[in-house]
Amino acid sequence: MRWILLILFTLGSMTAQAENTVINNTTVLTMDNDKTLSGATVVIVDDRITYAGPAADAPIPRSVDNVIGGTGKFLMPGLAEMHGHLPSSGWSRERQERILFLYLAGGVTTVRGMLGDPVQFELRKEISAGTMDGPVLYLAAPSMNGNSVSSPADGRAKIRRYAAQGWDLQKIHPGLTRAEYDAIADEANKLNFPFGGHVPADVGIERALEAGQISIDHMDGYLQMVDGDKREMTDDDFAKMIEITKRSGSWVVPTHELFNVLIGGGDVAALSVRPENRYLTSDALASYQRRAANANASANALAVKNRNRLLKVLADAEVNLALGSDAPQLFSVPGFSIWREIQSMQAAGLTAAQILKSGTSAPGRYFADKDKFGTISVGSRADLILLNDNPYENIEAVFDQTGVVAAGKWYSRADIDTRLDAIAADVAR
Ligand SMILES: [Zn+2]
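Numbering (this note's numbering), first residue to last: 4 to 432.
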């Protein structure tokens with residue numbers, strides 16, 4: 004009897020957060036293609052989209068928790084941060100909640116965490132049980148780098164251990180030798196365990212792509228392939244980069260804005276007055292200001308120009324491109340740094356459709372074996388942003404949000420603003 008009650012209790016608590024939402028008469032960016040559906044109703048039951056289409060045919064559930072008026076508004080899938088950082092062991096509960104909520108507050112409903120810490124498994128469980136607000140998390144294992152891997156055999160052993168522990172991929176950092184990298188790649192491929200991140204200098208981009216590295220983060224390795232920090236890259240360089248990237252099927256996660264600052268230096272005064280800095284502690288802000296000032300001392304405008312052109316040609320060639328900002332890293336407040344990343348992609352010449360796809364349907368394709376999300380279609384996870392304007396016409400419409408739905412849970416603008424004010428007050432204490 005006792006364990007039956009326990010099961011009932013567990014089922015009850017698992018579904019305690021379930022809610023049904025109907026969004027009426029809105030314009031839907033399905034992200035299945037570049038078209039929009041106007042005058043559409045979207046029905047959300049628990050964490051799934053069960054309908055998106057004409058109001059007349061909408062199957063309205065018997066009990067609806069939220070009825071949202073969508074007239075004049077635009078509904079798009081939530082954004083993915085494909086290179087994000089997540090809380091580590093030893094953080095206070097308050098700090099964990101803060102960073103996870105900031106992602107949601109910016110419309111980020113999925114994060115590929117790129118530096119593993121075991122506490123993240125607990126946070127992922129709490130988010131899916133509804134005891135903590137946050138995006139859906141996919142987790143890279145603890146980093147493999149020149150310090151954490153001592154030999155090819157050690158690399159293989161760690162790959163086996165991390166794959167067995169249930170991480171979603173292996174994070175690669177600089178410093179691995181070619182022999183260590185090859186052993187890691189071989190073992191990971193045998194286990195069907197993806198590995199991605201940086202490209203170690205001893206490996207190079209061509210080998211990384213050939214070895215099956217799932218993502219090249221920061222566009223690492225491309226400039227190094229042709230001394231692109233010292234000379235202007237040519238059309239032939241770009242053609243070769245497109246060819247090897249497309250052949251591999253690997254993903255590129257540019258983290259473009261971060262590298263604009265790291266490589267190009269930044270206007271520290273302008274960076275320092277960004278409105279989202281109100282969610283940073285004064286210590287974090289001071290350390291960012293020091294790092295940006297240091298970056299200024301070695302600014303390389305040529306490398307920035309090459310990276311801008313590279314990003315544009317990769318997007319135009321339709322390589323697998325996924326939105327990522329490397330928050331929180333350097334003036335990159337979780338959730339809001341995705342907006343800065345979007346602006347930097349636009350400045351590099353990407354179209355609104357290219358940018359939107361990189362943050363929605365493309366990450367959905369990347370994680371297709373885990374879940375269905377990133378499009379507004381029946382069966383997709385209900386991760387949505389309701390906007391006041393059409394982002395196809397002006398990409399910055401993405402930053403003007405009426406509300407966010409994260410795995411079926413509705414957060415209104417007022418809810419989000421109240422929590423953001425509380426966060427700003429907390430960090431100022
Ligand atoms: Zn990172």
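Idealized CB from N, CA, C, for every residue including glycine.
Requested in this report: Tell me whether SER328 is buried or exposed, calling it buried when 16 or more other Cβ atoms sit within 10 Å of its Cβ.
Outcome: Residue numbering aside, residue 328 sits at position 325 when the sequence shown is read from its first letter. Buried, since its Cβ has 16 or more Cβ neighbours within 10 Å.
Query raised in the report: Beta carbon of HIS86: closer than 7 Å to some heavy atom of ligand 3?
Result: Annotation note on ligand 3: not contained in the displayed structure, which lists ligand 1 as its ligands.
Query raised in the report: How about GLN173: is its Cβ closer than 7 Å to a heavy atom in ligand 1?
Result: On the sequence shown, residue 173 is found 170 positions in, with the first residue counted as 1. No, the beta carbon of GLN173 sits no closer than 7 Å to any heavy atom of ligand 1.
Report task. Give the C-beta separation of MET34 and LEU359 to the nearest angstrom, bearing in mind that I take them to be a contact with Cβ-Cβ under 8 Å. Result -> Residue 34 sits at position 31 when you count from the first residue of the sequence shown. Residue 359 sits at position 356 when you count from the first residue of the sequence shown. Contact between MET34 and LEU359 is confirmed by a C-beta separation of about 7 Å, below the 8 Å threshold.
Query raised in the report: Got a sec: does ligand 1 put a non-hydrogen atom nearer than 7 Å to the Cβ of MET117?
Result: Counting from one through the sequence shown, the residue named residue 117 turns up at place 114. Under cutoff, so the answer is yes.
Query raised in the report: Looking only at C-alpha atoms, which of THR284, GLU22 and ILE388 sits nearest to ARG416?
Result: Start at 1 with the first residue of the sequence shown, and residue 416 comes out as number 413. When each option's Cα is compared against that of ARG416, the closest is ILE388.
Query raised in the report: Under the criterion of a Cβ to heavy atom distance below 7 Å, does GLN332 qualify as lining ligand 1?
Result: For this step, residue 332 is matched to residue 329 along the sequence shown. Answer for GLN332: yes, Cβ within range of ligand 1.
Query - Cutoff 7 Å; reference ASP403; Cβ partners in own chain excluding five residues on either side - result: If you number the sequence shown from 1, residue 403 lands on position 400. For ASP403, where only same-chain residues beyond five positions count, the Cβ hits under 7 Å are LEU390, ASN391 and ASP392.
Query raised in the report: Exposed or buried, what is GLY93 when buried is set at 16 or more other beta-carbons lying within 10 Å of its beta-carbon?
Result: Along the sequence shown, one-based indexing puts residue 93 at 90. Counting the other CB atoms within 10 Å of its CB gives GLY93 a total below 16, which places it among the exposed residues.
Query raised in the report: Got a sec: does ligand 1 put a non-hydrogen atom nearer than 7 Å to the Cβ of ASP329?
Result: Stepping through the sequence shown from its first residue, residue 329 is reached at position 326. Result yes, Cβ under 7 Å from ligand 1.
Requested in this report: Enumerate in chain order the residues of its own chain whose CB-to-CB distance from GLU279 is below 6 Å, with the five nearest sequence positions on each side excluded.
Outcome: The count along the sequence shown starts at 1 and reaches residue 279 at position 276. Sequence-distant partners of GLU279 (beyond 5 residues in either direction) whose C-beta falls short of 6 Å from its own C-beta, in its chain, are VAL336 and PHE339.
Requested in this report: List the endpoints of the continuous beta strand (DSSP E) containing ALA55.
Outcome: Within the sequence shown, numbered from 1, the residue matching residue 55 stands at position 52. Where ALA55 is concerned, the enclosing beta strand (DSSP E) starts and stops at 51-57.
Query raised in the report: Can you name the residues that DSSP bridges to ASP220?
Result: Residue numbering aside, residue 220 sits at position 217 when the sequence shown is read from its first letter. For ASP220, DSSP records a beta bridge to VAL256.
Query raised in the report: Pick from ALA298, GLY137 and THR354: whose alpha carbon is nearest that of ASN101?
Result: Along the sequence shown, read from residue 1 onward, the residue named residue 101 stands at position 98. The sequence as given places Arg at residue 101; Asn does not occur at that position. Relative to ARG101, the option among ALA298, GLY137 and THR354 whose CA is nearest is GLY137.
**Report entry** ILE175 (DSSP reduced to helix, strand or coil)
**Finding:** For this step, residue 175 is matched to residue 172 along the sequence shown. Secondary structure at ILE175: strand, using DSSP grouped into helix, strand and coil.
Query - Beta-carbon contacts of TRP170 that lie in its chain and below 7 Å, excluding the five residues immediately before and after - result: The sequence position of residue 170 within the sequence shown is 167, counting from 1. Excluding residues within five positions, the ones whose Cβ falls inside 7 Å are GLY119, LEU142, ALA143 and ALA144.
Report task. Please name the residue in GLY367, THR248 and ILE47 whose C-alpha comes closest to that of PRO64. Result -> On the sequence shown, residue 64 is found 61 positions in, with the first residue counted as 1. Comparing Cα-Cα distances from PRO64 to each of GLY367, THR248 and ILE47, the minimum goes to ILE47.
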